[in-house]
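*Asks:* Counting the sequence shown from 1 gives a position; my numbering is that position plus 780. Next up is a structure, given as structure tokens.
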Amino acid sequence: MDTLFHGKLRIIQAKRGYRFSLDAVLLAHFATLRGSDRVVDLGTGNGVIPLILARLHPAVEIVGVELQEEMVRRALRNVNLNRLEERVKILRGDVCSVEEVLPPESVAAVVCNPPYRRPATGRVNPDAEKRIARHEIKARLADFIRAGSYLLRRGGHMALVYPAARMVDLLQTMRQEEIEPKRLRLVHSYEGSAATLALVEGIKGAGTELRILPPLVVYTRDRKYTREMKAVLGE
């Protein structure tokens, strides 16, 4: 079992299967949520993003959608472990047919940490959980963004984390699905190093104007978390 925020969140993870990374924590902090918004996390995995959102935003209701049955069971255990059953729901569903589990234009915000790699690129992990979570095997980037557009009310927000090297693919696909990119923040391992991740938030049906935020640096030169990262992690 792992913990976040000095043990205030407890998270059951697979020893050998999929495990959440810093990407999920960064996305949860980046997303814009207001008041009692209803939020959907597409591809929720073990439910870590809904758990963090529930901690950061005490009034929101979060629904996590996950395809893999074992991950659904793990996410439900995590929700129960943290006593968040009233505010966090986990549904088994496929983003390619999200209409089977949720109605259209029914939420104010969608968050998503989609698979980063195309099916034929990079080393394909022999573990099925990791393979599906990391490669576009069951669903591609466009499927996740299309599902987000389907779920969002007009004016709703969709926030994603994605490799900086594929940022153009992300921005183009968002526009194709009527989600206009509005905020962009690049994540760097060290000050002066190349960006590794892009945090992007778009608004359904919005006008064209992208705000580029200051970069987020994860580590100092002596490999310790920066002051901002410590704040993100609740340290």
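Note that the Cβ used here is the ideal one computed from N, Cα and C, for glycine as well.
1) In the DSSP assignment, find the alpha helix (DSSP H) that holds R799 and state where it starts and stops.
2) Leaving out five residues on either side along the sequence, give the residues of the same chain with a beta carbon under 6 Å from the beta carbon of F924.
3) Quickly, what does DSSP pair T783 with across the bridge? List them, please.
4) CB-CB under 7 Å to D782, same chain, minus the five flanking residues each way: which ones, in chain order?
5) Sorted by chain position, which residues of the same chain lie with C-beta nearer than 7 Å to I912's C-beta, five sequence neighbours on each side aside?
6) Beta carbon of L931, beta carbon of V887: below 7 Å?
7) Identify every run of the alpha helix (DSSP H) within the segment 816-851, keeping only runs that are complete inside it and at least 4 residues long; order them along the chain.
8) Could you give the distance in angstroms between the alpha-carbon of L806 and the alpha-carbon of V1012?
9) Would you kindly work out how many angstroms separate the C-alpha atoms of E960 and L856, rounded to a whole number?
10) R1001 by DSSP, collapsed to three states: which one?
11) Of the residues V980, R854, A986 and K1010, which one's Cα is nearest the Cα of G936?
12) Use the C-beta contact count for H786: other C-beta atoms within 10 angstroms, 16 or more gives buried, fewer gives exposed.
13) Run through DSSP, which three-state label would E909 get?
*Replies:* Taking the geometry as given:
1) No alpha helix (DSSP H) holds R799; DSSP gives it neither H nor E.
2) These residues qualify, in order along the chain: L822, V875, C892 and P894.
3) R790
4) I791 and Q793
5) Residue confidence for I912 is low, a pLDDT of 48 falling below 50, so the modelled location carries little weight and cannot support an answer.
6) yes
7) The qualifying runs are 828-836.
8) 7 Å
9) 33 Å
10) In the three-state scheme derived from DSSP, where H, G and I count as helix and E and B as strand, R1001 is classed as coil.
11) A986
12) exposed
13) Because E909 carries a pLDDT of 47, less than 50, the predicted location of this residue cannot be relied on, and the following value inherits that uncertainty. Residue state, collapsed to three classes: helix.
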